[in-house]
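Chains R and S are the protein sequences, given in the same order.
One point on numbering: in my numbering, the residue at position 180 of the first sequence is 180, and numbering is uninterrupted.
Numbers in my numbering are just positions in the second sequence, counted from 1, shifted up by 1000.
Beta carbons are placed, not taken as given, at the ideal position from N, Cα and C, and that holds for glycine.
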Amino acid sequence: MVYKLVYENLKHRPVRTLLSALAIGLGVTMMLTLVGLGEGMMEDQATRARGVGADLVVRAPGSSVVGMGSLSMNQRILDYVRSQPHVVLATPIGVHSTGGVSSIMGVNFEEFSAMGGGFKFREGGKFADQGEVIIDDLYAREKHLKVGSKLNTMNRDWRVAGVFASGKLGRVMIPLTLLQELASANAKITMIYVKLDDSSQTQAVIDGLKKQLPEYPIYAMEELIKQFSVSNLPELKAFIGVVVALSVLFGFLVVFLAMYTAVLERTREIGILKALGAGPGYVLGILLRETVLLAVIGSAAGILMSYGTRWLISTFIPASFVQAIVYSWWPIAAAITLGSAVLGVLYPALKAAKQDALDSLSYD
Amino acid sequence: MAIIEIQNLRKTFRSGDVDVHALAGVDLRVKKGEFLAVVGKSGSGKSTLFHVLGGLTPPTSGTVKIDGKELTAMDETGRTRLRRESVGFVFQKYNLLPTLTVRDNLEIARDISGVKGPWGAQFLDVIRILGIEEKMERKPRQLSGGEQQRVAIARAIVNQPAILLADEPTGNLDTENSDLVLGLLQHLNKKFGQTVLMITHDPEAAAFADRTVQMRDGLLHSA
Ligand SMILES: Nc1ncnc2c1ncn2[C@@H]1O[C@H](COP(=O)(O)OP(=O)(O)OP(=O)(O)O)[C@@H](O)[C@H]1O
Ligand SMILES: [Mg+2]
């Protein structure tokens, strides 16, 4: 019976109910989008790293696992890596940041192709030695580029020579030698991807390499991929903490305001219930249920809206950001929202529960 | 056997520096099954008596026993229980819950009292007598004032309270509807032995009661 009253109350002010639920949902969407971005970007990095088709990777000393890195490794290492037993192919890769989350990658096209079974070109093909780039399809979509388009990066104009299927480490690639020249980083590389004749020897090869290159982080591919995890991004964790706190505050304020006005406007109804013998607990229960319902509707709306943000991101900026749907965060976000909503209703509900029956009945 | 026993009941309001003695030593006994009218001029203390008897406000002093329960000693929890278990209210303004249908207005009163299950035969009878059985799915705003007041009467007695308290139940109704509602109160009183204490300033309304007492300046006099 109480549920009918709760339902009718919410229905009675449909706009307020809808707006409150949406506002509550916004917090949920913020949390889910951020967490989804973290997961999505990590998954995407993992997929792209795996797409190279290597068995192990040698990175520069002191470089972060999840970051793309810079041109800081001496190219001479390459010869040493190549001389190791079981190594059939070792290809250097240079990464140069072009601001924000975007970077440009220098590769030895033939070697890089051989390692992963080649690029799948959607359009066009290999770059020339000068003045040409190849880009992946997501980058092409985000920047509205196709073969023959002009692209400006590193202070010069490039012609797009080919558009390849994404999943090959980089999104924008030029010849490595050219990148080194433009970045004034002669004979410097960022990492080395290595292919072996026998994958089961990976650990043995790593152990061998580590003897001579003790400072160098060297990872088996699967091990590297495991590192692409949100837990390795302390900044993201802190940021998620901030967003959770904001969502709690937001949910609290929205519910406080919505329920406070509801209580004020329902003084008479509360008085009637009290005259009928309803105690503080009964009145409290009504408002609490109303709030829980609002939070549940809001959470559902927030989850739906997180599909909306994912659609927006994958439609307009697919190369810069990838948002995953993280199911495990649904109950977390909903619980956080519920908690803040219950905190928000506390004061209005207590005010209502303590209200004198007579005050409101003698209103007229 | 008295269902209401009041001795030397006082209720004093402090407004500014002066004390207003709304009830200045009321004595009253109401027998079970009686239909009593309290008449009196505006400001004589009728509503105050209604509020005290209904447990809506505590008395200042004196003794008030309703259905054997001593009201003066009650705290807010006790008065809540009194309202839930022993009294039913009918107000001048009908005070139905506007978002609920007639049926749900009656159900919520049962829910508050923790009563479950289908309506008893007697209550179905009450609804028929009140002539609201066809209006069950309507919202209050889809009812006339007279109909709303009949629903309010049904709600007041749905849990079979010891006393039905009515404060100017016909104050908002025209003569025809007033007579109908008063006749119904009388009928319920006779048929089911429902004790009724009705407050009114209208002598014609009071004529429906078994007995009338007059309130003057916070004191009761038999009429
Ligand atoms: N909450 C209050 N605070 C101060 N004075 C009050 C309060 N309630 C009632 N009074 C005073 O108590 C006296 C009795 O009021 P009450 O409402 O009982 O009169 P009444 O007989 O019901 O009048 P009416 O016929 O106009 O309804 C009045 O003088 C009134 O001003
Ligand atoms: Mg009055």
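Check                                                                                                                                                                          : Outcome
Measuring straight from C-alpha to C-alpha, what distance separates S/T1048 and S/R1029?                                                                                       : 17 Å
Have a look at R/Y363 and R/A341 and give me their C-alpha separation to the nearest angstrom.                                                                                 : Confidence is the limiting factor: at R/Y363 the pLDDT is only 47, short of 50, which leaves the residue's position unreliable and the question unanswerable from this model.
Which residue marks the beginning of the alpha helix (DSSP H) containing R/A357, and which one marks its end?                                                                  : A357 to L361
Count the other CB atoms within 10 Å of the CB of R/Y139; is the residue buried (16 or more) or exposed (fewer)?                                                               : buried
When DSSP labels each residue in this structure, what does R/S72 get in the three-state scheme?                                                                                : coil
Hey, could you find the ends of the alpha helix (DSSP H) R/Y80 is sitting in?                                                                                                  : I77 to R82
Does the contact criterion of 3 or more C-beta pairs under 8 Å hold for the region 1144–1164 of chain S versus the region 1120–1132 of chain S?                                : yes
For the region 1184–1192 of chain S and the region 1016–1023 of chain S, state whether three or more C-beta atom pairs, one from each stretch, are separated by less than 8 Å. : no
Excluding five sequence neighbours on each side, which residues of the same chain lie with their C-beta closer than 6 Å to the C-beta of S/Y1094?                              : Q1148, Q1149 and A1152
Below 8 Å, is the gap between the Cβ of S/K1041 and the nearest heavy atom of ligand 1?                                                                                        : yes
How big is the Cα-Cα spacing for R/T202 and R/M68?                                                                                                                             : 23 Å
Are the beta-carbon atoms belonging to R/F109 and R/P175 less than 9 Å from one another?                                                                                       : yes
Would S/M1198 be called buried (16 or more neighbouring beta carbons within 10 Å of its own) or exposed?                                                                       : buried
Does ligand 2 have even one heavy atom less than 8 Å from the beta-carbon of S/D1202?                                                                                          : no
Check each candidate in R/G251, R/S247, R/K274 and R/K351 and name the one with the smallest Cα separation from R/F34.                                                         : It is Leu, not Phe, that sits at residue 34 of chain R in the sequence shown. Residue R/S247 is the option with its Cα nearest to R/L34.
For R/F239, which of R/G25, R/G38 and R/R159 has the nearest alpha-carbon?                                                                                                     : R/G38
Regarding S/E1137 and ligand 1, is the C-beta to nearest heavy atom distance less than 8 Å?                                                                                    : no
Closer than 9 Å, CB to CB, is S/H1051 near chain R or not?                                                                                                                     : yes
Measure the alpha-carbon distance for S/S1144 versus R/L304 and round it to whole angstroms.                                                                                   : 45 Å
How would you list, in chain order, the residues of chain S whose beta-carbon sits under 7 Å from the beta-carbon of R/V2?                                                     : D1111
Taking R/D129 as the reference, which of R/I272, R/I286, R/K120 and R/E181 has the closest Cα?                                                                                 : R/E181
Using a Cβ-Cβ distance cut-off of 9 Å, determine whether S/R1084 contacts chain R.                                                                                             : yes
Just to confirm, are R/A324 and R/G40 a CB contact at a threshold of 9 Å?                                                                                                      : yes
Spatial neighbours of S/A1002 within its chain, please: C-beta separation below 8 Å, excluding the five flanking residues on both sides.                                       : R1029, V1030, K1031, K1032 and K1065
Under 8 Å: does the beta carbon of S/M1215 sit that close to some heavy atom of ligand 1?                                                                                      : yes
Take S/G1078 as the anchor and find which of S/G1062, S/T1057, S/V1090 and S/L1124 has the nearest alpha-carbon.                                                               : S/T1057
Taking only the alpha-carbon atoms, compute the straight-line gap between R/V229 and R/R310 and give it to the nearest angstrom.                                               : Note on identity: in this sequence residue 229 of chain R is Ser, with Val being the wrong assignment. Near 19 Å, if we compare the C-alpha coordinates of R/R310 and R/S229.
What does the Cβ neighbour count give for R/F316, buried or exposed, with the cut at 16 atoms within 10 Å?                                                                     : exposed
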